[in-house]
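*Asks:* Going by full-length UniProt numbering, the sequence shown runs without a break in its numbering and finishes at 502.
Heads up, the beta-carbon is just placed ideally off N, CA and C, and yes, glycines get one too.
The structure displayed is predicted, hence computed values, not measured ones.
Can you read through this structure? Questions will come right after.
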Amino acid sequence: MLILLAHNIFVFILLRQPGFVYYLGLNVIILIALSVITGFSRWVFSEEISKWLIRNLFTVFGIGTWILYRFSVQFLKEVQIPSPDSFIRKYGDSIFIIFLLLVQIVSVKTSASLFAAIEVFLFIVCTYWGVNAYLKGFIAVRFYLFSWIILMVGSILNTMIFWKILPINPVTEAILPVCSLLQLLGFSFAFADKANHIEQKRQLQAITDPSTGLPNRTYYFDTLPLQLNEMNKNQPQFALIMIEITSHLKLSQAFGPAKADSALCEVILSTHQKIIEMDGILSLPLPNKSTKKLMRLTSKNIVLLSTTPDEIKEQVQQIQQILDHPTIVDKVLFRHQYKIGSALYPSQGSNLDKLYQNALIASNSVTYSSGNWAPFTHKLKSNHAHQLRLITLLTDDIRQEKLYFDIQPQVNLADNRIVGGEVLIRWNNEHLGQVSPAEFIPLAEQTGLIYKLTDMLLEKVFQWASSNPVALLAQRLSINISALDLLQENFAERVNILLQQY
């Protein structure tokens with residue numbers, strides 16, 4: 001017992017687990033109780049202390065039972081058992097204080113009866129807690145339950161010896177020490193099991209999304225490659241399908257971020273439920289022995305791997321059925337908008353990073369008028385690289401005000417008279433030459449450059465109008481702007497300021 005106590009003190013210093021101090025206290029109480037029962041206390045303690053312990057043995061037992069109660073509360077805290085609002089959680093300490101006070105004033109037999117009652121009650125309560133914790137998936141509680149059963153068996157047999165139902169002999173005398181040792185060992189194994197459970201939970205949290213429980217970005221880039229290395233031996237080809245749910249921003253603006261996140265998680269989990277039922281989708285094992293088939297890489301991007309790339313069209317169509325189904329957000333029916341891109345391994349990406357990049361390029365090429373899914377092609381990649389270069393050059397030329405405008409005459413066909421003009425933006429880049437507005441205007445709208453572009457255009461047009469007032473005496477001039485400009489709150493004010501300035 002002393003060796004076990006020394007070992008547990010060393011473990012406590014290393015781990016500092018919640019509740020372990022109560023386990024150490026239980027070690028000490030059992031050591032004291034056994035020394036009193038076996039008559040060894042006179043060799044360990046002074047005569048006065050030894051006599052006090054013998055007279056107050058049930059006080060020692062009561063303190064030990066209270067320590068067991070506190071140990072149970074701390075040990076099961078991981079799974080929030082018992083509930084902080086439960087009666088036993090609120091008033092458990094008070095019950096033990098009352099018991100300790102009563103054993104000071106009642107007879108030994110009454111104290112024994114009270115102790116037996118409180119021990120049976122605590123055994124029933126803690127067993128109930130333990131079973132609930134196990135049903136919640138807290139497998140570390142199995143050794144905890146084993147220890148409680150051993151404790152109860154030892155206590156019942158020891159009580160039978162106290163009431164002279166069982167005879168006193170070397171076998172019955174060994175019951176309490178053996179049960180106490182087994183109980184302490186069981187609790188020690190329970191702590192080791194709990195430490196393993198906590199580590200497994202930590203590993204699970206590191207590779208899963210907290211909102212949905214699905215594998216996350218870390219799983220995709222760190223864990224999945226190991227699985228694919230094994231899979232490549234039997235499955236040389238697969239396809240990455242990436243789904244981008246693009247309506248999250250609109251939901252946040254309409255209902256607030258909390259409800260938007262909830263609605264997004266709901267549609268993601270519904271999609272995962274559908275994918276679980278589909279064949280030809282790679283299963284993703286997790287440390288808790290569960291499996292998923294969908295990964296959440298960002299707040300709005302989810303991906304899956306098809307092991308049957310020749311059936312990808314049918315698989316995407318099944319996914320679209322779920323995504324097209326409206327959801328209720330704050331009592332309002334809402335239909336999510338989404339884009340789907342896919343890329344094939346190994347022809348369109350030799351690793352997961354390249355596959356994800358190409359699937360993103362494919363999804364970004366989706367236009368809602370042409371459908372929600374676009375498979376990756378090398379032409380898309382060339383276009384994507386070209387678009388990135390366009391954006392860079394356009395940003396520089398807007399900053400340097402290199403774009404200009406032409407005025408297209410507006411003619412009255414009845415008499416062929418020019419009645420006005422329409423301002424058209426033009427861009428002649430030194431590296432690209434003349435670039436069509438149909439090519440750079442959509443990019444400007446996507447990247448937010450459209451606002452700077454419109455400001456620059458208005459400034460140049462008003463400057464020209466101020467310098468050529470005669471040209472506008474009998475004619476009107478119209479300016480093409482983006483619909484996004486009209487959504488800006490201060491757009492009209494800025495136009496009025498330019499009117500006053502020029």
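Using only the alpha-carbon positions, how far apart do Y220 and A362 sit?
*Replies:* The sequence position of residue 220 within the sequence shown is 220, counting from 1. The sequence position of residue 362 within the sequence shown is 362, counting from 1. Each residue's Cα considered, the two are about 19 Å apart.
*Asks:* Check this for me: beta carbons of I328 and S270, under 7 Å apart or not?
*Replies:* If you number the sequence shown from 1, residue 328 lands on position 328. If you number the sequence shown from 1, residue 270 lands on position 270. Contact flag unset, no.
*Asks:* Could you give the residue range of the alpha helix (DSSP H) that holds G64?
*Replies:* Looking up residue 64 in the sequence shown gives position 64. It spans 57-75 - the alpha helix (DSSP H) in which G64 sits, taken as one unbroken run.
*Asks:* Which class does F45 belong to by DSSP, given the choice of helix, strand or coil?
*Replies:* Your numbering for residue 45 matches position 45 in the sequence shown. Residue state, collapsed to three classes: coil.
*Asks:* What is the DSSP secondary structure of R426, counted as helix, strand or coil?
*Replies:* Residue numbering aside, residue 426 sits at position 426 when the sequence shown is read from its first letter. Three-state DSSP puts R426 in a strand.
*Asks:* Alpha carbon to alpha carbon, what distance is there between N288 and I149?
*Replies:* As a position in the sequence shown, residue 149 is number 149, starting the count at 1. As a position in the sequence shown, residue 288 is number 288, starting the count at 1. Approximately 27 Å between the Cα atoms of the pair.
*Asks:* Only counting runs of 3 or more residues, tell me where the beta strand (DSSP E) segments fall wholly within the UniProt domain "EAL" (387-502), in order along the chain.
*Replies:* Segments of the beta strand (DSSP E) lying fully in the UniProt domain "EAL" (387-502): 404-412, 417-429, 433-435, 476-479.
*Asks:* So is Y91 buried or exposed if we call it buried at 16+ other beta carbons inside 10 Å?
*Replies:* Here the question's residue 91 lines up with position 91 in the sequence shown. Answer is exposed; the Cβ neighbour count stays below 16.
*Asks:* Starting from V244, trace the beta strand (DSSP E) both ways and give me its first and last residue.
*Replies:* By one-based count along the sequence shown, residue 244 stands at place 244. Before going on, a small fix: residue 244 reads as Glu here, not Val. Its beta strand (DSSP E) spans residues 238-245.
*Asks:* Among V366, H325, F61, T127, which has the Cα closest to the Cα of A116?
*Replies:* By one-based count along the sequence shown, residue 116 stands at place 116. For the residues V366, H325, F61, T127, the minimum Cα distance to A116 belongs to F61.
*Asks:* By Cβ distance, which residues of its chain are closer than 7 Å to L294, with the 5 residues on each side in sequence left out?
*Replies:* Position 294 of the sequence shown holds residue 294. Here the set comprises L214, T271, H272, I275, I302, L304.
*Asks:* Give a yes or no on contact between the region 130-143 and the region 86-104, applying the rule of three or more CB pairs nearer than 8 Å.
*Replies:* No: fewer than three Cβ pairs fall under 8 Å.
*Asks:* For the beta strand (DSSP E) that contains F123, what are its first and last residues?
*Replies:* Locating residue 123 in the sequence shown gives position 123, where the first residue counts as 1. Taken as a continuous stretch (DSSP letters only), F123 belongs to no beta strand (DSSP E), being part of the alpha helix (DSSP H) at 108-135.
*Asks:* For the region 437-456 against the region 383-402, do three or more pairs of beta-carbon atoms, one drawn from each stretch, fall closer than 8 Å, so that the two count as touching?
*Replies:* Contact holds: three or more Cβ-Cβ distances are below 8 Å.
*Asks:* Tell me, to the nearest whole angstrom, how far the beta carbon of G341 is from that of A359; I am working on the premise that it is less than 8 Å.
*Replies:* Within the sequence shown, residue 341 is the residue found at index 341, counting from 1. Within the sequence shown, residue 359 is the residue found at index 359, counting from 1. About 4 Å; that satisfies the 8 Å criterion.
*Asks:* In chain order, what residues of the same chain have a beta carbon less than 7 Å from the beta carbon of N428, not counting five sequence neighbours either side?
*Replies:* On the sequence shown, residue 428 is found 428 positions in, with the first residue counted as 1. Within the same chain, N428 has close Cβ partners Q434.
*Asks:* Let me confirm a value: E199 is counted as buried when at least 16 other C-beta atoms fall within 10 Å, else exposed. Which label applies?
*Replies:* Along the sequence shown, one-based indexing puts residue 199 at 199. Burial call: exposed.
*Asks:* Which residues mark the beginning and the end of the beta strand (DSSP E) in which N301 is found?
*Replies:* Here the question's residue 301 lines up with position 301 in the sequence shown. Counting along the chain, the beta strand (DSSP E) containing N301 begins and ends at 301-306.
*Asks:* Quick check: the Cα distance between T377 and Q317, rounded to an integer number of angstroms?
*Replies:* Sequence index remark: in the sequence shown, residue 377 carries index 377 (1-based). Sequence index remark: in the sequence shown, residue 317 carries index 317 (1-based). Distance between the alpha carbons of T377 and Q317: 20 Å.
*Asks:* Excluding five sequence neighbours on each side, which residues of the same chain lie with their C-beta closer than 7 Å to the C-beta of Y338?
*Replies:* The count along the sequence shown starts at 1 and reaches residue 338 at position 338. Closer than 7 Å at the Cβ level, and outside the excluded window around Y338, lie I243, E244, I245, T246, L323, N372.
*Asks:* Suppose you measure from the CA of S211 to the CA of H431; what does that come to, to the nearest Å?
*Replies:* As a working note, residue 211 is residue 211 in the sequence shown. As a working note, residue 431 is residue 431 in the sequence shown. Cα to Cα, S211 sits roughly 48 Å from H431.
*Asks:* Under the three-state reduction of DSSP, which class applies to V103: helix, strand or coil?
*Replies:* Here residue 103 corresponds to residue number 103 of the sequence shown, with the count starting at 1. Coil at V103, not helix or strand.
*Asks:* Of all the options A260, A492, D222, which has the alpha carbon lying nearest to the alpha carbon of L284?
*Replies:* For the purposes of this step, residue 284 is taken as the residue at position 284 of the sequence shown. Of A260, A492, D222, the residue nearest in Cα terms is D222.
*Asks:* Could you give the C-beta distance for G420 and S478, rounded to a whole number, given that I count them as a contact under 8 Å?
*Replies:* In the sequence shown, counting from the first residue as 1, residue 420 sits at position 420. In the sequence shown, counting from the first residue as 1, residue 478 sits at position 478. With a Cβ gap of about 7 Å, G420 and S478 count as contacting.
*Asks:* Please report the residue range of the alpha helix (DSSP H) in which F376 lies.
*Replies:* If you number the sequence shown from 1, residue 376 lands on position 376. Premise fails: F376 is in no alpha helix (DSSP H) and is neither H nor E.
*Asks:* On a Cα-Cα basis, can you pick out the residue from E277, T291, P326, L344 that is closest to D310?
*Replies:* Residue mapping note: residue 310 aligns to position 310 of the sequence shown, counting from 1. If we check each option's Cα against that of D310, L344 comes out closest.
*Asks:* Check for me: the alpha helix (DSSP H) holding K339 runs from which residue to which?
*Replies:* Within the sequence shown, numbered from 1, the residue matching residue 339 stands at position 339. It is not in any alpha helix (DSSP H) - K339 instead sits in the beta strand (DSSP E) that spans 338-345.
*Asks:* State the Cα-Cα distance for the pair R476 and T395, rounded to the nearest angstrom.
*Replies:* Here residue 476 refers to the residue found at position 476 of the sequence shown. Here residue 395 refers to the residue found at position 395 of the sequence shown. Cα-Cα distance, rounded: 31 Å.
*Asks:* Could you check which residue in I139, F75, R55, F87 has the C-alpha nearest to that of K109?
*Replies:* Taking the sequence shown and counting its residues from 1, one reaches residue 109 at position 109. Comparing Cα positions, the closest option is R55.
*Asks:* Pull up the CB-CB distance for F87 and W66, whole angstroms please, since I reckon it's below 8 Å.
*Replies:* Taking the sequence shown and counting its residues from 1, one reaches residue 87 at position 87. Taking the sequence shown and counting its residues from 1, one reaches residue 66 at position 66. Actually they do not touch by this definition, with Cβ atoms about 17 Å apart.
*Asks:* Roughly how many angstroms separate the alpha carbons of C265 and K313, rounded to a whole number?
*Replies:* As a first step, residue 265 is located in the sequence shown; it is residue number 265 there, counting from the start. As a first step, residue 313 is located in the sequence shown; it is residue number 313 there, counting from the start. Looking at the two C-alpha atoms, the distance is approximately 25 Å.
*Asks:* Hey, would you say the C-beta of I198 is under 6 Å away from at least one heavy atom of the ligand GDP?
*Replies:* Annotation note on the ligand GDP: not contained in the displayed structure, which lists no ligands.
*Asks:* Tell me where the alpha helix (DSSP H) around I328 begins and ends.
*Replies:* On the sequence shown, residue 328 is found 328 positions in, with the first residue counted as 1. I328 -> not in any alpha helix (DSSP H); beta strand (DSSP E) instead, spanning 327-329.
*Asks:* In chain order, what residues of the same chain lie with their CB nearer than 6 Å to the CB of T307, ignoring the 5 residues before and after it?
*Replies:* For this step, residue 307 is matched to residue 307 along the sequence shown. So the list reads Q235, F238, G280, L282, once near-sequence residues are dropped.
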